[in-house]
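Below is one structure; the comments refer to it alone.
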Amino acid sequence: MATTTETTTLTTPPNPIINTSSNEFDTPNDPYKAALDSLKRDGFVVLPASLFPSFDLPSLRTAASHLAATARTGKWPYIRTLPKQFPPWGSDPSAGIWGVQHLMHPSNPDHLTFAKSYFDEELLRYVQTLVGCAREELVMELYNMLVRPDKAFELRWHRDDIPASATDEEETSRLGHDGWHAQWNLALYDDASLIVVPGSHKRARTAAERGADPYEANLPGQLVVKLKAGEVAFYDNNILHRGVYDATKERMTLHGCIGSTRGDGSRARNVLQHGVGDWVRGYAFEDAERLGEEWVGRARVMREKLVSLGEKAGDVGFFSKDE
Ligand SMILES: O=C(O)CCC(=O)C(=O)O
Numbered sequence: 001m002a003t004t005t006e007t008t009t010l011t012t013p014p015n016p017i018i019n020t021s022s023n024e025f026d027t028p029n030d031p032y033k034a035a036l037d038s039l040k041r042d043g044f045v046v047l048p049a050s051l052f053p054s055f056d057l058p059s060l061r062t063a064a065s066h067l068a069a070t071a072r073t074g075k076w077p078y079i080r081t082l083p084k085q086f087p088p089w090g091s092d093p094s095a096g097i098w099g100v101q102h103l104m105h106p107s108n109p110d111h112l113t114f115a116k117s118y119f120d121e122e123l124l125r126y127v128q129t130l131v132g133c134a135r136e137e138l139v140m141e142l143y144n145m146l147v148r149p150d151k152a153f154e155l156r157w158h159r160d161d162i163p164a165s166a167t168d169e170e171e172t173s174r175l176g177h178d179g180w181h182a183q184w185n186l187a188l189y190d191d192a193s194l195i196v197v198p199g200s201h202k203r204a205r206t207a208a209e210r211g212a213d214p215y216e217a218n219l220p221g222q223l224v225v226k227l228k229a230g231e232v233a234f235y236d237n238n239i240l241h242r243g244v245y246d247a248t249k250e251r252m253t254l255h256g257c258i259g260s261t262r263g264d265g266s267r268a269r270n271v272l273q274h275g276v277g278d279w280v281r282g283y284a285f286e287d288a289e290r291l292g293e294e295w296v297g298r299a300r301v302m303r304e305k306l307v308s309l310g311e312k313a314g315d316v317g318f319f320s321k322d323e
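So the sequence shown is numbered by full-length UniProt numbering: it starts at 1 and just counts up by one.
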């Protein structure tokens, strides 16, 4: 069993006045900066649901349930299939699924419900601070969902973009560079699937971590990130982490990331290997524009930047094609 140390959720401070076109802040008691400090120190931070008043959990749950059911019956081809950990995945759900990809794909009838939460103004303020760039540099990336697997399943310990084969020096060098993106889990139901080793985003693996079984149940210092419905965990995707799933417990956790135009080629691969480029070129949120959605201006700007990233990057390949 995994260690069940409690995670601490940041309390709700007063909202500061923020200049959204830069990353400057105007209050001494700054919740964005507090989140950044936690993320830098621990490699993850859990934010309370009260910080995101415009997230509409009932609508998101309805949309998530529809799409998960569609995916389990083979009618949604963008899935994470058992027992594969990394992209690419096939579209056959018969061995079971543990994730649903491309929530904002226009062929999902509820894509605008998901897009509203992805381009949420308050979420973007946190993202902008955590990435450390100006608003106009933010790049749309991925919006997927992690779901209850159809049978027992675990992910091995990993960093999202540094292979387990990396030497000490390679790890230290990669971890010393800015990632230029933010990644989060927004739990629609209580979720205790993500396990991290706090602080491991800043250092190479210890001898114990390197020598451990890839599915080791108890790494020294590991911590289960316990989310209540509506809470958001931002985490450094190169923190040492894994997923341990309970096939009997509902899981619908929205799993998003947003980048910056300051990101490099390795970021392009990490994002584009999921196949988002295949549909985002042909869809510029025209339907949301027609409906006058409040968030559509932000979406269109960020989507343009993703299209440019794809054009510049070309064929990016995969991080770990066969695992
Ligand atoms: O299930 C989770 O929350 C973790 C997922 C994960 O580690 C991954 O997608 O690489």
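Quick reminder that beta carbons are idealized off the backbone N, C-alpha and C, glycines included.
Do residue j and residue i have their beta-carbon atoms positioned less than 7 Å apart in this structure?
| i | j | result |
| --- | --- | --- |
| G230 | S193 | no |
| M145 | V100 | yes |
| P149 | L82 | yes |
| Q273 | P87 | yes |
| A208 | V127 | no |
| F44 | Y235 | yes |
| L138 | L186 | no |
| R269 | G259 | no |
| V225 | A233 | yes |
| P93 | G74 | yes |
| D190 | K228 | yes |
| G292 | W184 | no |
Taking only heavy atoms of ligand 1 into account, decide whether any of them is closer than 6 Å to the Cβ of residue i.
| i | result |
| --- | --- |
| L219 | no |
| L175 | no |
| L146 | yes |
| S200 | no |
| L188 | no |
| G243 | yes |
| L240 | no |
| L155 | yes |
| L194 | yes |
Going by DSSP, what residues sit across from residue i in a beta bridge?
| i | result |
| --- | --- |
| H201 | According to DSSP, which records beta bridges pairwise, H201 is partnered with nothing at all. |
| T253 | L146, A187 |
| V280 | None, per the DSSP bridge assignment. |
| I97 | T81 |
| A233 | V46, N185 |
| R242 | I195 |
| V224 | I195 |
Measuring alpha carbon to alpha carbon, tell me which residue in the options is nearest residue i.
| i | options | result |
| --- | --- | --- |
| G265 | A95, Y32, D161 | D161 |
| H241 | K228, G259, K249, P220 | P220 |
| E250 | L188, I239, V276, L272 | L188 |
| M302 | N185, Y118, S165 | Y118 |
| G263 | V131, D278, D236, G282 | V131 |
| L60 | P31, L103, D213 | L103 |
| A247 | K40, Y235, I97, P58 | I97 |
| V276 | G297, K226, G310 | G310 |
| R72 | Y245, A95, A34 | A95 |
| D278 | P106, K33, E171 | P106 |
| A134 | E141, R125, A299 | R125 |
Could you tell me whether the Cβ of residue i comes closer than 7 Å to any Cβ of chain D?
| i | result |
| --- | --- |
| K116 | Absence of chain D from the displayed structure is noted, only one protein chain being present. |
Beta carbon of residue i: closer than 6 Å to some heavy atom of ligand 2?
| i | result |
| --- | --- |
| Y32 | Ligands present in the displayed structure are limited to ligand 1, and ligand 2 is not among them. |
_Minimum length 4: unbroken alpha helix (DSSP H) runs contained in the region 143-211_ = 168-175, 207-211
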